[in-house]
Amino acid sequence: MNNIKQFTIFLIVLTLTSCGTSHNYSNNDLKKHFFDGKIIYFKLNNKSKKSINFSGMVVGLGGGIRQPNVKETFKLSIEELAIETNLRLKFIENSETTEGQSSNDIVIESDIAEINWHFGFSVATLKTLVKYKNTSNNQEISTNGIRKSGGGDEKNNLKKSLKDATYNFLKEFEKEQK
3 MNNIKQFTIF LIVLTLTSCG TSHNYSNNDL KKHFFDGKII YFKLNNKSKK
53 SINFSGMVVG LGGGIRQPNV KETFKLSIEE LAIETNLRLK FIENSETTEG
103 QSSNDIVIES DIAEINWHFG FSVATLKTLV KYKNTSNNQE ISTNGIRKSG
153 GGDEKNNLKK SLKDATYNFL KEFEKEQK
C-alpha cells in the first residue's frame, strides 16, 4: 500500500512540474526597424476553426471540456502579443476599418486551419496551424503555434498557442520582405 501511495504522489508531482512552454515575447528577436511606422491589422477569416479537437488521454479531464470562443481568444492573443513586443498589432472585424490609413499599414487575413490538443501521460500539447495572407499582395505564410502544459484552462492554452503562431508569422513575414 505504501508503494502505491508513493507512486501516486510521484505521478502528481510529475504532472504538476511537467515541462510547460510559456513564452515572454518582450525579449524577442524581431527587427524593430522593420516594423517601425507600420500597423499590422489581423482579421480572422469566418471559415476558421471554431473549436478545439481533443485527442489522447482526454478521458481523465475533470470538470468537462469548455470550448472557448476562438475569435475572442485570437483577438486577446493579438492584443497581448502587441503589448509584449511593443509592435502596433491590431485585431479588426473587417478590412474597411483600415481604409484611409497609412500606406505602410498591412492587413493580414488569418485562417485558423487546425486546433488540436493532445493529452499525453504527463504533458498536454495544444497545437494550432494558422494561415496568414497579406491582402495587398496575396502572399501567404503558414505557421504553427505550440503550447505545452500539464493541462490547464482551454482558453488560456489556446491564446498562448495562437500568440506563438502569430509571433512565428511575424518572424517569417520579416524574412519574406527582404
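When we follow this note's numbering, the leftmost residue of the sequence shown carries the number 3, and every step to the right adds one.
Don't be surprised by glycine CBs; every beta carbon is placed ideally from N, CA and C.
Inset, instruction - Let me know the beta strand (DSSP E) ranges lying completely inside the stretch 93 to 167, each 3 residues or longer, listed in chain order. - result: 108 to 121, 126 to 136, 142 to 151
Legend entry - Collapsed DSSP secondary structure at S50 in the structure displayed: coil
Legend entry - Boundaries of the alpha helix (DSSP H) in which S79 is found, first to last residue: 72 to 87
Inset, instruction - Taking the CB atoms as reference points, tell me whether K73 and L91 lie closer together than 8 Å. - result: no
Legend entry - Cβ-Cβ distance between G154 and K165 below 8 Å: no
Legend entry - Residues bridged to L91 (per DSSP): I42
Inset, instruction - Please report how far the alpha carbon of F44 lies from the alpha carbon of S124, in whole angstroms. - result: 34 Å
Legend entry - Residue span of the beta strand (DSSP E) that contains S57, given as start and end: 55 to 58
Inset, instruction - Could you tell me which of T127, D31, D113 sits nearest to Y134, measuring between CA atoms? - result: D113
Legend entry - Member of Q141, N159, I85, G152 whose CA lies at the smallest distance from the CA of E176: Q141
Inset, instruction - Consult DSSP for I67 and reduce its assignment to one of helix, strand or coil. - result: coil
Inset, instruction - May I have the straight-line CA-CA distance separating Y169 from N71, to the nearest angstrom? - result: 21 Å
Inset, instruction - State the DSSP-derived secondary structure class of K173, mapped to helix, strand or coil. - result: helix
Legend entry - Residues of its chain near D107, where Cβ-Cβ distance is below 7 Å and the 5 sequence neighbours each way are ignored: K40, I41, Y43, T100
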